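Visitor: Chains as they are written, first to last, in numbering that gives the first Met the number 0: chain L, 0 to 328; chain B, 0 to 275; chain Z, 0 to 270.
We treat Cβ as the ideally placed atom computed from N, Cα and C, and that holds for glycine.
Computed from a predicted model, the values in this text were never measured in an experiment.
My questions will all concern the structure given below.
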Amino acid sequence: MKLLKSFLVAAMLFALPMTLPAKEITLLNVSYDPTRELYEEFNAAFAKYWKAKTGDDVTIKQSHGGSGKQARAVIDGLEADVVTLALAYDIDALHDNGNLIPIDWQKRFKSNSSPYTSTIVFLVRKGNPKNIKDWNDLVKPGVSVITPNPKTSGGARWNYLAAWAYALEHKQNPQEFVKALFKNVPVLDSGARGSTTTFVERGIGDVLLSWENEAFLAVNRLGKGEFEIVVPSLSILAEPPVTVVDRTVDKKGTRAVATAYLNYLYTPDGQRIAAKNYYRPRDKKAFDAYGKFFVKTKLITVDKVFGGWRKAQKTHFDDGGTFDKIYGK
Amino acid sequence: MARRKRNTNENPFVKYTLILLVFIIFFLLLFLPLAMIFTTALRDGAKVYLDAITDSDALSAIRLTLTATVAAVALNTLFGLAAAWAVTKFRFRGKNLLTALIDLPFSVSPVIAGLIFILLFGSSGLFGGFLQSHAIRIVFAVPGIVLATIFVTFPFVARELIPLMQEQGSDEEEAARLLGASTFKTFMKITLPNIKLGLFYGIVLCSARAIGEFGAVSVVSGHIRGMTNTMPLHIEILYNEYRFTAAFAVSTLLALTAIVTLIAKRLIENRQGGAE
Amino acid sequence: MSRNGVIGGFGLSMGYTLLYLSLIVIIPLSTILLSAMSMSWSDFIATVLDKRALLSYKVTLLASLAAAAVNLFIGFLTAWVLTRYDFYGKSIINAAVDLPFALPTAVAGITLTALYAENGWVGSILAKYGIKVVFTQTGITLALIFITFPFVVRAVQPALEELEAELEEAAESLGASKFQTLTKVILPLISPSLITGFALAFARGLGEYGSVIFISGNMPFKTEITPLLIITKLEQFNYAAANALALVTLLTAFAVLFLLGMLKKYIRREL
Chain L
0 MKLLKSFLVA
10 AMLFALPMTL
20 PAKEITLLNV
30 SYDPTRELYE
40 EFNAAFAKYW
50 KAKTGDDVTI
60 KQSHGGSGKQ
70 ARAVIDGLEA
80 DVVTLALAYD
90 IDALHDNGNL
100 IPIDWQKRFK
110 SNSSPYTSTI
120 VFLVRKGNPK
130 NIKDWNDLVK
140 PGVSVITPNP
150 KTSGGARWNY
160 LAAWAYALEH
170 KQNPQEFVKA
180 LFKNVPVLDS
190 GARGSTTTFV
200 ERGIGDVLLS
210 WENEAFLAVN
220 RLGKGEFEIV
230 VPSLSILAEP
240 PVTVVDRTVD
250 KKGTRAVATA
260 YLNYLYTPDG
270 QRIAAKNYYR
280 PRDKKAFDAY
290 GKFFVKTKLI
300 TVDKVFGGWR
310 KAQKTHFDDG
320 GTFDKIYGK
Chain B
0 MARRKRNTNE
10 NPFVKYTLIL
20 LVFIIFFLLL
30 FLPLAMIFTT
40 ALRDGAKVYL
50 DAITDSDALS
60 AIRLTLTATV
70 AAVALNTLFG
80 LAAAWAVTKF
90 RFRGKNLLTA
100 LIDLPFSVSP
110 VIAGLIFILL
120 FGSSGLFGGF
130 LQSHAIRIVF
140 AVPGIVLATI
150 FVTFPFVARE
160 LIPLMQEQGS
170 DEEEAARLLG
180 ASTFKTFMKI
190 TLPNIKLGLF
200 YGIVLCSARA
210 IGEFGAVSVV
220 SGHIRGMTNT
230 MPLHIEILYN
240 EYRFTAAFAV
250 STLLALTAIV
260 TLIAKRLIEN
270 RQGGAE
Chain Z
0 MSRNGVIGGF
10 GLSMGYTLLY
20 LSLIVIIPLS
30 TILLSAMSMS
40 WSDFIATVLD
50 KRALLSYKVT
60 LLASLAAAAV
70 NLFIGFLTAW
80 VLTRYDFYGK
90 SIINAAVDLP
100 FALPTAVAGI
110 TLTALYAENG
120 WVGSILAKYG
130 IKVVFTQTGI
140 TLALIFITFP
150 FVVRAVQPAL
160 EELEAELEEA
170 AESLGASKFQ
180 TLTKVILPLI
190 SPSLITGFAL
200 AFARGLGEYG
210 SVIFISGNMP
220 FKTEITPLLI
230 ITKLEQFNYA
240 AANALALVTL
250 LTAFAVLFLL
260 GMLKKYIRRE
270 L
């Protein structure tokens, strides 16, 4: 017990000079990668809007990391006012582990609490030498597919579900279809950037499965003119959701400003910034105005086809799920 | 070195073969990766490189990394000296257990090394409630980063000193004590000069590892830009934004810490040379 | 070894050692045990003896052992040359030894993968001879050799510096060959340092994650390391299972460290 006490004292000595009292309004937005530039621009726009509306200065701090890891950090005490993550499963976890938010959080903001969307597309090498047009081209022998590991990468789960949905749509056995697809996968990187490195820098693979916004980033930053984006006939509507973290805003008294912050994502200005960063705007007008480079295609949703993320995660990606069966004997 | 040259015949063929082998090891294992990092960092020109390392987030990351490193090195050096003294100068039961425990942090996967501090100080951790009701932040703030860094670099100094002091034995210290020197004086005048080199390597390894640590720190940091991002975390963020060149540019700064080692060693040797 | 009593400071140094050890290592690590114990016994067994987990232990153990063994050899060689000979470029090599520690592990992993991939500087040469490094077990070992390289060098270096020149001279004047001097006099004397370096390199290899995942390919049942499995458990918010696997790694490492400590003690007694 004595040991414990001295431990606490030592810990407090460490902590005291480093805790800063908050004076002006500061929000912490815990997000996933690679939304840094989107939110850098958006934060500036919102701060201006909020100043004009209320006269208050608001500073928004940003945190970026893998979506699941960010969710765990918030659960474990990272004081996020808002979270803007990659998939609803990670925000569901904020309710399931520690009850930080109500269960019906997804109804609190418009459009499933997802102000912008994306989808899964194919990145192929210049000229599309293997002539890859659609999901059924990925299961052909001799085609090498690069995707991260769905067990460790949120993005890869969308890839997997999109392929599964395609098989369902075309009356094929989905389990066999994804199994054939993953037979063509030579490397399972742990995250989306690892996969991109494998595809772009190592020159491995004929096609990279990627979020549309990341495919645009990869093309623009890593190899202009060396790659092409192919949009398949059917893909999945990726809905990166946002929510206010009740535990934090109730403690800090920032609910009003945090809610206004997220609502601002739905305004024409917010939608414009999202489109500029290659996310598909929800608002039809904004989509038509700023989203000319997005190819329209049939998009299915996780809720309709898979019964929501909780169920999808359990059926497909938890231990013993369909993904494990692909590699199991 | 200050030691006198060995008076034995050395076969020059053996000597130069061995030196050549070390050069090959150096080339394959250390030089090529270093060259790769610099090539990648500079492939988009000097401007991109300079912008990346003078970015305000990069600078604040450098500051935080240095803070954590200094804290970890200071505390672990103090511990290393105490532990080495206790282990090598005295007989006691359970010594083997103690030394094995000292090494243990090396074998803890960095992610777990971060997780244990979450389990202690996180909101549902053992001390979570206490900390929250007193508004003390440890994890997702600077103290957590310092703690995680201390943990992963914990054994370095002790590990360098223990085998060295064991080999040296305690005869000199015993003689000094019998001649009436105090324990403290014995330590300062006899032990410290003898272990200077081992201590130096311990501190060098400890700081190198503290600067480069990623996994554990990444779990406890919270990744708040400009506040709780260390250099390795900043590199990760750049990489995740598809800014590979900038990521490697910041990495070159970490690679350059080797040069600091070089300078430090020179300084020590010069001082040692002057003293004798 | 000294007799108790002549040299002072036992209480202070031991007290401080135990306090600091408890605060930084023992109390935090005990949370792994606590967390793993929140599972039922059968769940715990099912988690740690799962086929996938067993194969990951195999991959991790083999790669760590191989890497530590390689480092024992090249680390000793490097330390030997650095302490014995004067040559051009020595101080640069000496400073560069610590490079693997200062680089974030992910940077090391990405860089090694770039070098040894089939379109890389070294990989393209190896590919001509049909040698594949990246995305194989060899790649994992390579990453671990790099990451743990400084351990043996830095453990052996001070010990070699401290070796009494007289001992070797005496051995030679008594007619011992160079090789005999090395194996009968020098190696036994510095063996505690060698063992320390080996043990640390091995232990560090068991837990390494950041660099390995880039070069291993992470194929289930083939190139999946235990730390990767721990991460997948965390992704499912299953802290208990993650800690159960961490506990297995930890106990393995502890056993190895303990046994090597006994070995050192035994060797020293023989001397």
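Mind checking if residue 127 of chain B is an interface residue toward chain Z, Cβ cutoff 8 Å exclusive?
Guide: Within the second sequence, residue 127 of chain B is the residue found at index 128, counting from 1. Cβ-Cβ to chain Z under 8 Å: no for residue 127 of chain B.
Visitor: Could you give the distance in angstroms between the alpha-carbon of residue 161 of chain B and the alpha-carbon of residue 95 of chain B?
Guide: As a first step, residue 161 of chain B is located in the second sequence; it is residue number 162 there, counting from the start. As a first step, residue 95 of chain B is located in the second sequence; it is residue number 96 there, counting from the start. If you take the alpha carbons of residue 161 of chain B and residue 95 of chain B, they lie about 12 Å apart.
Visitor: Name the residues in the region 121-149 of chain Z whose C-beta lies less than 7 Å from a C-beta of chain L; which are they?
Guide: Listed by position, the residues of the region 121-149 of chain Z near chain L (Cβ gap below 7 Å) are 134.
Visitor: Could you spell out the range, first to last residue, of the beta strand (DSSP E) harbouring residue 63 of chain L?
Guide: Stepping through the first sequence from its first residue, residue 63 of chain L is reached at position 64. From DSSP, the beta strand (DSSP E) with residue 63 of chain L extends over 57-64.
Visitor: Quick one, are the C-beta atoms of residue 237 of chain L and residue 210 of chain L less than 8 Å apart?
Guide: Translated into the one-based positions of the first sequence, residue 237 of chain L becomes position 238. Translated into the one-based positions of the first sequence, residue 210 of chain L becomes position 211. Yes, the pair counts as a contact, with Cβ atoms nearer than the cut-off.
Visitor: Closer than 7 Å by C-beta to residue 167 of chain B: which residues in its own chain qualify, once you throw out the five before and the five after it? Chain order, please.
Guide: For the purposes of this step, residue 167 of chain B is taken as the residue at position 168 of the second sequence. Excluding sequence neighbours, residue 167 of chain B sits near 193.
Visitor: Could you please give the first and the last residue of the uninterrupted alpha helix (DSSP H) stretch that includes residue 163 of chain L?
Guide: Mapped onto the first sequence, residue 163 of chain L falls at position 164. That run of the alpha helix (DSSP H) goes 153-168.
Visitor: Counting contacts by CB-CB distance shorter than 8 Å, is residue 150 of chain L in contact with chain A?
Guide: Looking for chain A here will not work: the only protein chains present are L, B and Z.
Visitor: Considering residue 117 of chain L, what are the terminal residues of the beta strand (DSSP E) in which it resides?
Guide: Taking the first residue of the first sequence as 1, we reach residue 117 of chain L at position 118. Start and end: 115-124.
Visitor: Could you tell me the alpha carbon to alpha carbon distance between residue 85 of chain B and residue 7 of chain Z, rounded to whole angstroms?
Guide: For the purposes of this step, residue 85 of chain B is taken as residue 86 along the second sequence, with counting starting at 1. For the purposes of this step, residue 7 of chain Z is taken as residue 8 along the third sequence, with counting starting at 1. Approximately 10 Å, taken between the alpha carbons.
Visitor: Note down, in chain order, all residues in the region 7-23 of chain Z with a beta-carbon under 7 Å from any beta-carbon belonging to chain B.
Guide: Residues passing the 7 Å Cβ filter: 7, 8, 9, 12, 13, 15, 16, 19, 20, 23.
Visitor: With a cut-off of 8 Å, do at least 3 Cβ pairs link the region 107-123 of chain B to the region 136-149 of chain B?
Guide: Yes, since at least three Cβ pairs between the region 107-123 of chain B and the region 136-149 of chain B fall closer than 8 Å, the two stretches touch.
Visitor: 8 Å is my cut-off, CB to CB: does residue 195 of chain L come that close to chain B?
Guide: Mapped onto the first sequence, residue 195 of chain L falls at position 196. So, interface residue.
Visitor: What residue does the beta strand (DSSP E) around residue 297 of chain L start on, and which one ends it?
Guide: The count along the first sequence starts at 1 and reaches residue 297 of chain L at position 298. Where residue 297 of chain L is concerned, the enclosing beta strand (DSSP E) stretches over 297-299.
Visitor: Using a beta-carbon distance cut-off of less than 8 Å, what residues from the region 35-49 of chain B approach chain Z?
Guide: Residues passing the 8 Å Cβ filter: 35, 36, 39.
Visitor: Is the CB-CB distance between residue 299 of chain L and residue 177 of chain L below 8 Å?
Guide: Walking along the first sequence from the start, residue 299 of chain L turns up at place 300. Walking along the first sequence from the start, residue 177 of chain L turns up at place 178. Cβ distance not < 8 Å, so residue 299 of chain L and residue 177 of chain L don't count as in contact.
Visitor: Give me the chain Z residues within the contact set of residue 208 of chain B, using Cβ-Cβ distance strictly less than 7 Å, ordered along the chain.
Guide: Within the second sequence, residue 208 of chain B is the residue found at index 209, counting from 1. Neighbours of residue 208 of chain B on chain Z, chain order: 100.
Visitor: So, is the C-beta of residue 266 of chain Z closer than 8 Å to a C-beta in chain B?
Guide: Locating residue 266 of chain Z in the third sequence gives position 267, counting from the first residue. With 8 Å as the cut-off, residue 266 of chain Z does not count as an interface residue toward chain B.
Visitor: Any beta carbon of chain L sitting closer than 8 Å to that of residue 217 of chain Z?
Guide: Reading the third sequence from its first residue, position 218 is the one you call residue 217 of chain Z. At least one chain L Cβ lies under 8 Å of residue 217 of chain Z.
Visitor: For the alpha helix (DSSP H) containing residue 22 of chain B, name the first residue and the last one.
Guide: Locating residue 22 of chain B in the second sequence gives position 23, counting from the first residue. Unbroken alpha helix (DSSP H) run through residue 22 of chain B: 11-24.
Visitor: Looking at C-alpha atoms only, which residue of B/195, B/267, B/249 is the closest neighbour of residue 36 of chain B?
Guide: In the second sequence, the residue the question calls residue 36 of chain B occupies position 37. Checking every option, the nearest Cα to that of residue 36 of chain B belongs to B/249.
Visitor: Where does residue 277 of chain L fall in DSSP's three states?
Guide: Start at 1 with the first residue of the first sequence, and residue 277 of chain L comes out as number 278. Residue state, collapsed to three classes: coil.
Visitor: Would you tell me roughly how many angstroms separate the C-alpha atoms of residue 106 of chain Z and residue 144 of chain Z, rounded to the nearest one?
Guide: What you label residue 106 of chain Z is simply residue 107 of the third sequence in a count that begins at 1. What you label residue 144 of chain Z is simply residue 145 of the third sequence in a count that begins at 1. About 15 Å.
Visitor: Three or more C-beta pairs under 8 Å: does that hold for the region 308-319 of chain L against the region 147-167 of chain L?
Guide: A contact exists between the region 308-319 of chain L and the region 147-167 of chain L.
Visitor: By DSSP's criteria, residue 83 of chain L is part of a beta bridge. Which residues make up the other side?
Guide: Position 84 of the first sequence, counting from 1, holds the residue named residue 83 of chain L. DSSP lists L/30, L/241 as partners of residue 83 of chain L.
Visitor: Where does residue 265 of chain Z land, buried or exposed, given buried means 16+ other C-beta within 10 angstroms?
Guide: For the purposes of this step, residue 265 of chain Z is identified with residue 266 of the third sequence, where counting begins at 1. It counts as exposed.
Visitor: With 16 other CB atoms within 10 Å as the buried threshold, where does residue 53 of chain B fall?
Guide: For the purposes of this step, residue 53 of chain B is taken as residue 54 along the second sequence, with counting starting at 1. So residue 53 of chain B ends up on the exposed side.
Visitor: Verify the CB distance criterion: does residue 46 of chain Z have a CB-CB separation below 8 Å to chain B?
Guide: Position 47 of the third sequence, counted from the start, is the residue given in the question as residue 46 of chain Z. No, its Cβ sits nowhere closer than 8 Å to a Cβ of chain B.
Visitor: Please go through the region 66-142 of chain Z and give each complete beta strand (DSSP E) segment of 3 or more residues, from N-terminal end onward.
Guide: The region 66-142 of chain Z contains no whole beta strand (DSSP E) run of 3 or more residues.
Visitor: Let's see if you can read the secondary structure: which residues bound the alpha helix (DSSP H) around residue 161 of chain B?
Guide: Along the second sequence, one-based indexing puts residue 161 of chain B at 162. 155-167 is the extent of the alpha helix (DSSP H) around residue 161 of chain B.
Visitor: Note down, in chain order, every chain Z residue with its Cβ under 7 Å from the Cβ of residue 186 of chain L.
Guide: Here residue 186 of chain L corresponds to residue number 187 of the first sequence, with the count starting at 1. The answer, in chain order, is 134, 216.
Visitor: Please go through the same chain and pick out, in chain order, the residues whose beta-carbon is closer than 6 Å to the beta-carbon of residue 22 of chain L, but skip the five residues on each side of it.
Guide: Locating residue 22 of chain L in the first sequence gives position 23, where the first residue counts as 1. Low local confidence applies: a pLDDT of 43 at residue 22 of chain L is under 50, so the model's placement there is unreliable, and no value is given.
Visitor: Do residue 217 of chain Z and residue 98 of chain L have their C-beta atoms within less than 8 Å of each other?
Guide: As a working mapping, residue 217 of chain Z is identified with position 218 in the third sequence. As a working mapping, residue 98 of chain L is identified with position 99 in the first sequence. In this structure, residue 98 of chain L does not lie closer than 8 Å to residue 217 of chain Z by Cβ.
Visitor: Is the CB-CB distance between residue 265 of chain L and residue 101 of chain L below 8 Å?
Guide: By one-based count along the first sequence, residue 265 of chain L stands at place 266. By one-based count along the first sequence, residue 101 of chain L stands at place 102. No, the Cβ-Cβ distance between residue 265 of chain L and residue 101 of chain L is not below 8 Å.
Visitor: Roughly how many angstroms separate the alpha carbons of residue 175 of chain B and residue 88 of chain B, rounded to a whole number?
Guide: Your numbering for residue 175 of chain B matches position 176 in the second sequence. Your numbering for residue 88 of chain B matches position 89 in the second sequence. Their backbone Cα atoms lie some 14 Å apart in a straight line.
Visitor: Quick check: residue 35 of chain Z and residue 246 of chain Z, are their CB atoms within less than 8 Å of each other?
Guide: In the third sequence, residue 35 of chain Z corresponds to position 36, counting from 1. In the third sequence, residue 246 of chain Z corresponds to position 247, counting from 1. In contact: residue 35 of chain Z and residue 246 of chain Z (Cβ atoms closer than 8 Å).
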